[in-house]
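> Have a look at this one before I ask anything.
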Amino acid sequence: MLSQLAVSFTLALLPLTLAQGDLSAANNLTDLEGTWSSNSAVSTGGSFCSPAEMAFDYPNNTGMAYSFTNDGFFEEAQYRYNSNATNPACIQAVLIWQHGTYTLEDDGSIILHPFSADGRVQVQDPCAATTNIITYYDETTTFTDWGIIVDPDTGNYQLRLNRYDGAKLPYMNLIAKPPNMLPTQTLTGVNASGQTNTRKRSLTSSPLDIFKRSTASNRASISSNQVIAVGGVVGSVMVGLLALV
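So the sequence shown is residues -19 to -1, 1 to 226, counted in mature numbering (1 follows the signal peptide of the UniProt record, and there is no 0).
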């Protein structure tokens, strides 16, 4: 009984300890393997991004997710809004997806090494000249420290990451083990057989109407009544010419 109380007391103290920035591997209660998400609406795997098609499938809510395998592969999915203090109407919607390999460094940090040909980012900005664009994304990421605890409210495993600048990422709960991931290999670009499987940068529309804005210029149009009127005038001229012959 005393041992159970001791374990419960230790787990209750873990969130306080980690909240002070101590995310060393010694505090971890399980391994990294799995899919970790700040919002279950956002997950890695095929439901979020199709890199070969240069397309995202918009989740219902914002959030971020990371997946890790025990043999050194990762996948990242993010959906967030960037506010604009000077013009609140100019909110950016940003979707990011990339995957690749990761390393656990001796100083306790995690470094993500993405496959450069596969990463994708889509940015919607209603106030930009081009309101919606999807293109390539390749960003090596460093987490200075990390830790896995048991969430005292849900009893679920929870991953906590600190960025290189000390900023704390949203807490992410374990939602799948083994992880939900696309194949852990280069999906676009030059594959192992030497064949090229890549697509050029392209623009794409979005299902979010709030971020749509037409950039097409006004064009002159001719109505059907105008066409009939012009045809009548031409016919009268032809009849007059025939009468003179």
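Built from N, CA and C at the ideal position, the CB exists for glycine as well. These numbers come from a predicted model, not from an experiment.
Count the CB pairs spanning the region 39 to 57 and the region 160 to 169 that are closer than 8 Å, and state whether there are at least three.
Contact holds: three or more Cβ-Cβ distances are below 8 Å.
> Check this for me: beta carbons of Leu140 and Ile129, under 8 Å apart or not?
For the purposes of this step, residue 140 is identified with residue 159 of the sequence shown, where counting begins at 1. For the purposes of this step, residue 129 is identified with residue 148 of the sequence shown, where counting begins at 1. Closer than 8 Å, so yes.
> For Thr67, count neighbouring Cβ atoms within 10 angstroms of its own Cβ and tell me buried if that reaches 16, exposed if not.
For the purposes of this step, residue 67 is taken as residue 86 along the sequence shown, with counting starting at 1. With fewer than 16 other Cβ atoms within 10 Å, it is exposed.
> So Gln126 and Ser90 are supposed to be a Cβ contact under 8 Å. How far apart are they, rounded?
Reading the sequence shown from its first residue, position 145 is the one you call residue 126. Reading the sequence shown from its first residue, position 109 is the one you call residue 90. A quick correction: the sequence has Asp, not Gln, at residue 126. Right, their Cβ atoms sit about 7 Å apart.
> So what's Pro32 in DSSP terms, helix, strand or just coil?
Numbered from its first residue, the sequence shown carries residue 32 at position 51. Three-state DSSP puts Pro32 in a helix.
> Indicate whether Phe49 and Pro160 have their beta-carbon atoms separated by less than 8 Å.
Reading the sequence shown from its first residue, position 68 is the one you call residue 49. Reading the sequence shown from its first residue, position 179 is the one you call residue 160. Against a cut-off of 8 Å, the Cβ pair of Pro160 and Phe49 comes out as a contact.
> Output yes or no for whether 8 Å exceeds the beta carbon distance between Thr123 and Tyr152.
Taking the first residue of the sequence shown as 1, we reach residue 123 at position 142. Taking the first residue of the sequence shown as 1, we reach residue 152 at position 171. Not in contact: Thr123 and Tyr152 (Cβ atoms no closer than 8 Å).
> On the criterion of 16 or more Cβ atoms from any shown chain inside 10 Å, does Ala110 qualify as buried, or is it exposed?
By 1-based counting over the sequence shown, the position of residue 110 is 129. Exposed is the call here.
> Let's see if you can read the secondary structure: which residues bound the beta strand (DSSP E) around Pro95?
Within the sequence shown, numbered from 1, the residue matching residue 95 stands at position 114. It spans 91 to 95 - the beta strand (DSSP E) in which Pro95 sits, taken as one unbroken run.
> Are the beta-carbon atoms belonging to Val23 and Gly44 less than 8 Å from one another?
In the sequence shown, the residue the question calls residue 23 occupies position 42. In the sequence shown, the residue the question calls residue 44 occupies position 63. Closer than 8 Å, so yes.
> Buried or exposed for Gly15, please, with buried defined as at least 16 other CB atoms from any protein chain shown within 10 angstroms of its CB.
Within the sequence shown, residue 15 is the residue found at index 34, counting from 1. Per the 10 Å Cβ criterion, buried.
> Given Gly27, which residues of its chain have a CB within under 7 Å of its CB, disregarding the five upstream and five downstream residues?
Position 46 of the sequence shown, counted from the first residue, corresponds to residue 27. Around Gly27: Leu163.
> Under 7 Å Cβ to Cβ from Asn65, same chain only, skipping five residues before and after it: list those, please.
On the sequence shown, position 84 is the one that residue 65 refers to. Excluding positions up to five away in sequence, the list reads Cys71, Ile72.
> Who are the Cβ neighbours of Ser21 in its own chain at under 7 Å, not counting the five residues just before and after it?
Within the sequence shown, numbered from 1, the residue matching residue 21 stands at position 40. Excluding sequence neighbours, Ser21 sits near Ile156.
> Return helix, strand or coil for Gly44, following the three-state DSSP convention.
Against the sequence shown, residue 44 aligns to sequence position 63. In this structure, Gly44 counts as strand in the three-state DSSP scheme.
> Which of the three DSSP states is assigned to Asn154 in this structure?
Translated into the one-based positions of the sequence shown, residue 154 becomes position 173. The answer is strand: DSSP assigns Asn154 an E or B state.
> Comparing C-alpha positions only, which one of Ser31, Tyr62, Glu34 sits nearest to Asn42?
Mapped onto the sequence shown, residue 42 falls at position 61. Measuring from the Cα of Asn42, the nearest candidate turns out to be Tyr62.
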